Amino acid sequence: MLLITLRNTWARSGPSSAALRSAAPTVTSLVGSRLISTTVNALKNDVGESSVVVSDAKNIRSKPVGTAKKLSAAERAEVKARALQEQEREEEKVRKVKEKALKEQERTEEKARKVTEKAHKKTQAAREKEEAREQALKAKEEAKAQKLAEEEKKSTELAKKLREISPPFDAPPRNAFSNWLKATREEGILVAFAEQGSVWANLSGEEKKKYVVDPQLYIDYQEKYKAWYKNLSPRERKAVKAKKARKTTMRPFALFVRDKFPRGPLRENQTVRTVISSITLAWKELSDAEKEVYKQRAREHTAAQKTEDSQGSVVV
Numbered sequence: 450m451l452l453i454t455l456r457n458t459w460a461r462s463g464p465s466s467a468a469l470r471s472a473a474p475t476v477t478s479l480v481g482s483r484l485i486s487t488t489v490n491a492l493k494n495d496v497g498e499s500s501v502v503v504s505d506a507k508n509i510r511s512k513p514v515g516t517a518k519k520l521s522a523a524e525r526a527e528v529k530a531r532a533l534q535e536q537e538r539e540e541e542k543v544r545k546v547k548e549k550a551l552k553e554q555e556r557t558e559e560k561a562r563k564v565t566e567k568a569h570k571k572t573q574a575a576r577e578k579e580e581a582r583e584q585a586l587k588a589k590e591e592a593k594a595q596k597l598a599e600e601e602k603k604s605t606e607l608a609k610k611l612r613e614i615s616p617p618f619d620a621p622p623r624n625a626f627s628n629w630l631k632a633t634r635e636e637g638i639l640v641a642f643a644e645q646g647s648v649w650a651n652l653s654g655e656e657k658k659k660y661v662v663d664p665q666l667y668i669d670y671q672e673k674y675k676a677w678y679k680n681l682s683p684r685e686r687k688a689v690k691a692k693k694a695r696k697t698t699m700r701p702f703a704l705f706v707r708d709k710f711p712r713g714p715l716r717e718n719q720t721v722r723t724v725i726s727s728i729t730l731a732w733k734e735l736s737d738a739e740k741e742v743y744k745q746r747a748r749e750h751t752a753a754q755k756t757e758d759s760q761g762s763v764v765v
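Take 450 as the starting number for the sequence shown in this note's numbering and just add one per residue.
In structure tokens:
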């Protein structure tokens, strides 16, 4: 209650000594002398601390509400300059952030470009390596195929050469009949195969003597043949032997044809083809025992021919 009374007094007249004195009787009537004395002393001490605040409050209340201190042109320029500097600093800061982000983006793009370029180079190198490998393989296959073709060509030529290999000189006729056939061909006289036997059989003894072969011719031929055979390679000798084997091998059917072929001239309704056809049919109708006779004769003929070739002898 005392404090409220004092504050009301201050609000009207301010914290002066006279105010304190005028308030003293009222305070004394409310409390004892000791209590009021203590309160008054405390208020005196508080006067010095509160005077400045009260003075400032009065000054504030004396000023019109809503008024502000006006700045000078220099101050306004300074404030504007500071604001501009602050804006520039903010813009510079933003620019640096953008520049940093742009550089980071460029570094990322450059890194990605290098990775892509490296991958592209790696892929290109792998593709070129694969193409080079395929080309090398293709060239190898082509070279191999060409080599095989050349070897096959050489083999074919060699086989042909071996098949055709023969002494560079002619062998003399084996007998008078062969000599007669050779002479008729050289003279341009062509005798049909079916008529050769009958024509030769109708020759006189004097005529046949003209075609008798001189045995010395076979002796000379044998010497020349041995010398030629000695100079052949193993492969050429093998080819010569195979060629001789083909010539000396007699088939049973050939012996049968020779036995059954007509000796004289063919009839008007006969041809070599029809005769061979009838002989072939007759051969098929033979029994196994009858065919065995011709097989045995063929074996004997082949063995005799091989012996004759090995000895160089010739039957006249």
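Glycine included, C-beta positions come from ideal geometry on N, C-alpha and C. Model, not experiment: these values are computed from the prediction.
Cβ neighbour criterion (16 or more within 10 Å) applied to residue i
i	result
F705	buried
A592	exposed
A550	exposed
E678	Contrary to the premise, residue 678 reads as Tyr rather than Glu in this sequence. With fewer than 16 other Cβ atoms within 10 Å, it is exposed.
P617	exposed
A688	buried
N680	exposed
P622	buried
N651	exposed
N628	buried
R683	Correcting the residue identity first, residue 683 is Pro in this sequence and not Arg. Per the 10 Å Cβ criterion, exposed.
Backbone secondary structure at residue i - three-state DSSP
i	result
I614	coil
D708	helix
T729	helix
D619	coil
T565	helix
L735	coil
T720	coil
L652	coil
N628	helix
L586	helix
R700	coil
S521	coil
S604	helix
E636	coil
Q745	helix
S682	coil
W459	Since pLDDT at W459 reaches only 45, below the 50 mark, its modelled position is unreliable, and the value read off the structure follows with that caveat. It is helical.
| message | Restricting to runs no shorter than 4 residues, where is the alpha helix (DSSP H) found entirely within the segment 654-679? | response | 654-658 and 664-679
| said: Between the segment 602-610 and the segment 666-676, can you find at least three pairs of beta-carbon atoms closer than 8 angstroms? | reply: no
| task | Take every Cβ of the segment 574-587, pair it with every Cβ of the segment 648-664, and state whether three or more of those distances are shorter than 8 angstroms. | result | no
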